[in-house]
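Participant: Residue numbers (my numbering), protein chains in the order written: chain D, 41 to 417; chain X, 41 to 417. C-beta: ideal position from N, C-alpha, C; glycine also.
This is how it looks when you write it as structure tokens:
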């Protein structure tokens, strides 16, 4: 399992692992893949601590940092500082919507913060104003050889800045149209994510999307995302012309991840039909496990989810509750995951996952070789 | 491009083509694939004429017939004859819903039938009562070696009857759960259709669904459906353990098809984001081009689509209108198609499609072989 992109990046396998856990980043890169740390949720100071830790433990292996600058979000044209923008956005959250979020939690026996702080969430990386300092931190770390944007084409000056620092830029897309915009802006690696994918995703399925994006942006390399959880699926991705696989869900299910046992058990119990594309946490369609929180925001007569990043100023309460009560099954938790969740049966070591995927890949491609050989015999 | 299932069925390539056009059935089977005629819409007498024509033109090649017996539909437990069932169901269509359908058409300048017959549609194959005579007709034709059911597990006595006649049974599914029911009932070939697919489909994407179904029912052979429109996509399907590909959308775009130029142009113009899973034509979620008809049934305040087969007693007007005005762009037409529509750029000869797919398949599998060889060098 090796493509030209591996040589460009100095890695053994074209397995890109998106994760919020520094331990997973290190384990993936050390096993021959390419770990990518999701920066959303970290202050620049916290991110600096994480990257320092990774640098100390990852040896000579490269890794990436993933940021979130949506193409469109509330307040994007305001030119305010991060603090000013946060205050402005907090004031834009309707009391009715916030009260509805509070009610879902109290109806489920989840205590609210008693200091009235539930609406005081910071915008840790959800906008250009808050993502830019994260990029500055990342570029101070030479082993960070790739900056990926999860939700749109990065601004032109940011791409130029990252290139000037000798690093590559990647960006996710859900259509050939978005892929074209990325390529025209100078993005080095396009990540085509099918609607199966966990987190923010479009509606076009991977099997259809991947080859369309490959054709659209050739010769720019494309990574396949959405539905990657085995070596067979990577073989399919490479058969469709991509140069590797970008995966997220699988890395929630490794021993090195910080995800709680309750959450991992929820993923093991779920079938592929138990996920939903919902705006109820981030304000943009994002695939996650269906539960009482996501259902409540779908019901006629209830408040509609707000836009990005306003909705997170409401849902952040539910996210905090999940982390606070890790040993209870709280059916209002944020469990972002792709349809590939239906394949999960256990928690594995990160290195065992990579080893399994490589073995499965060789088995799948070996089967194709045998079929061709038999047809020619 | 050859799998063990090809030997079982006596065909060269594991390319299964679903179509309502007898000419396409013949062209596919003669080109080395396996044509399958969709029987819905034909009376038993009409079906007999179609199959006789196919028998005369297909040479020694085998082909299949596709029927529709949904697992659930209005009136399924009634034990009525086909005629009695039709009358009962016609009386179940609310006047408000029928008037709404009429209004959409008249608002678009589409004249209604002037004899009041728009609600007199027959149930041509949408139930067990109406599909059973179609099976009887099919079994009189020895070259029909496969009967497929598009929407559920065929009844046990029907499976036994088809097997007793020495033919195979196939059935579509959208989840491992449905696949298990098919396999337990003795279905010989399971067709796993991802949510990308045209026509009736589930929500799980092909890249995730296919390997889950393969694992669930092994060693029963699985065909991959949903997103098949190139040889690369067939290579991906075989890498995921399926034994072949079941396709429908592509065969709307061949010279031998009866589809109108207007409809084919609509498919060429559409991107993969222009389809929608809608209940507005058949009563069950069915993927098709989004248009004014599908949108009208989504709007708050408008009547909800009825169940299967009642909704078709309303939408049949729109379907008839499409056929009646083939040279006009009528934005209320029924254009079932999968997300793969985004790949279509032209109308081809059927034999050219098969040839192209085989070439693309060999190119894709050749690339994988080269990558493996380079990695081992």
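Rounded to a whole number of angstroms, what is the C-alpha to C-alpha distance between residue 341 of chain D and residue 332 of chain D?
Facilitator: 16 Å
Participant: Is the beta carbon of residue 266 of chain D sitting closer than 7 Å to the one on residue 289 of chain D?
Facilitator: no
Participant: Given a limit of 9 Å on CB to CB distance, which residues of the segment 207-226 of chain X reach chain D?
Facilitator: 214, 215, 216 and 217
Participant: Looking at residue 72 of chain D: is its Cβ nearer than 7 Å to the Cβ of residue 52 of chain D?
Facilitator: yes
Participant: Using a Cβ-Cβ cut-off of less than 8 Å, give me the residues of the segment 242-257 of chain X that come near chain D, in sequence order.
Facilitator: Among the residues of the segment 242-257 of chain X, those with a Cβ less than 8 Å away from any Cβ of chain D are 242, 243, 244, 245, 246, 247, 248, 249, 251 and 252, in the order of the chain.
Participant: Within this structure, are the beta carbons of residue 113 of chain D and residue 69 of chain D separated by less than 7 Å?
Facilitator: No, Cβ-Cβ distance for residue 113 of chain D and residue 69 of chain D is not below 7 Å.
Participant: Kindly indicate which three-state DSSP category residue 144 of chain D falls into: helix, strand or coil?
Facilitator: Helix, per DSSP.
Participant: Is it buried or exposed, residue 98 of chain X, if we count other Cβ atoms within 10 angstroms and call 16 or more buried?
Facilitator: Its Cβ being crowded by 16 or more others within 10 Å, residue 98 of chain X is buried.
Participant: Counting only runs of 3+ residues fully inside the segment 256-332 of chain X, write out the beta strand (DSSP E) ranges in chain order.
Facilitator: 262-265, 284-287, 315-318 and 326-329
Participant: Residues in the segment 350-362 of chain X with C-beta within 9 Å of chain D's C-beta atoms, listed in sequence order?
Facilitator: none
Participant: Taking the C-alpha atoms as reference points, what is the distance between residue 201 of chain X and residue 82 of chain X?
Facilitator: About 21 Å.
Participant: Closest Cβ-Cβ distance between residue 405 of chain X and chain D: below 7 Å?
Facilitator: Chain D, which has a Cβ nearer than 7 Å to the Cβ of residue 405 of chain X, makes this yes.
Participant: Just checking, does the segment 282-300 of chain X make contact with the segment 401-414 of chain X on the three C-beta pairs under 8 Å criterion?
Facilitator: no
Participant: Measuring alpha carbon to alpha carbon, tell me which residue in X:306, X:279 and X:270 is nearest residue 271 of chain D.
Facilitator: X:279
Participant: Under the three-state reduction of DSSP, which class applies to residue 117 of chain D: helix, strand or coil?
Facilitator: coil
Participant: So is residue 43 of chain X buried or exposed if we call it buried at 16+ other beta carbons inside 10 Å?
Facilitator: buried
Participant: Check distances from the C-beta atoms of the segment 298-321 of chain X to those of chain D and list, in chain order, the residues that come in under 7 Å.
Facilitator: 312 and 313
Participant: From which residue to which residue does the alpha helix (DSSP H) around residue 218 of chain X run?
Facilitator: 216-225
Participant: Please report the distance separating the alpha-carbon of residue 414 of chain X from that of residue 47 of chain D.
Facilitator: One C-alpha to the other measures close to 12 Å.
Participant: Would DSSP call residue 159 of chain X helix, strand or coil?
Facilitator: With a pLDDT of 47 at residue 159 of chain X, under the threshold of 50, the modelled position of that residue is not reliable, and the figure given next carries that caveat. Note: residue 159 of chain X maps to helix in three-state DSSP.
Participant: Residue range of the beta strand (DSSP E) that residue 230 of chain D falls in?
Facilitator: 229-233
Participant: Taking residue 178 of chain X as the query, report the chain D residues whose CB atoms sit under 8 Å from its CB, ordered along the chain.
Facilitator: For the C-beta of residue 178 of chain X, not a single chain D residue is nearer than 8 Å; the gap to the nearest is close to 30 Å.
Participant: Within 10 Å of its beta-carbon, does residue 269 of chain D have 16 or more other beta-carbons around it, so buried, or fewer, so exposed?
Facilitator: buried
Participant: Distance check for residue 322 of chain X and residue 395 of chain D, CA to CA, integer angstroms please.
Facilitator: 46 Å
Participant: I need the DSSP call for residue 386 of chain X, collapsed to helix, strand or coil.
Facilitator: coil
Participant: With DSSP as the reference, identify every bridge partner of residue 213 of chain D, one or two as the case may be.
Facilitator: Partner(s): D:232.
Participant: Determine the DSSP secondary structure at residue 184 of chain D, reduced to helix, strand or coil.
Facilitator: Secondary structure of residue 184 of chain D (DSSP, three-state): strand.
Participant: So what's residue 189 of chain X in DSSP terms, helix, strand or just coil?
Facilitator: Note: residue 189 of chain X maps to strand in three-state DSSP.
Participant: Could you name the residues of the same chain whose beta carbon sits closer than 7 Å to that of residue 66 of chain D, not counting the 5 residues immediately before and after it, in chain order?
Facilitator: 75, 94, 97 and 98
Participant: Run the CB neighbour count on residue 89 of chain X, radius 10 Å, all protein chains shown included, and call it buried at 16 or more, exposed below.
Facilitator: exposed
Participant: Considering just the uninterrupted stretch of the alpha helix (DSSP H) at residue 127 of chain D, what are its terminal residues?
Facilitator: Residues 122-130.
Participant: Going straight from the alpha carbon of residue 387 of chain D to that of residue 50 of chain D, what length do you get?
Facilitator: 28 Å
Participant: Determine, using beta-carbon pairs with one atom in the segment 136-153 of chain D and one in the segment 339-358 of chain D, whether at least three such pairs fall under 8 Å.
Facilitator: yes
Participant: Using a Cβ-Cβ cut-off of 7 Å (strictly less than) and excluding sequence neighbours within five positions of residue 145 of chain X, which residues of its own chain qualify?
Facilitator: 152, 357, 358, 361 and 372
Participant: Cβ of residue 280 of chain D less than 7 Å from any chain X Cβ?
Facilitator: yes
Participant: How many angstroms separate the CA atom of residue 273 of chain D from the CA atom of residue 187 of chain D?
Facilitator: 25 Å
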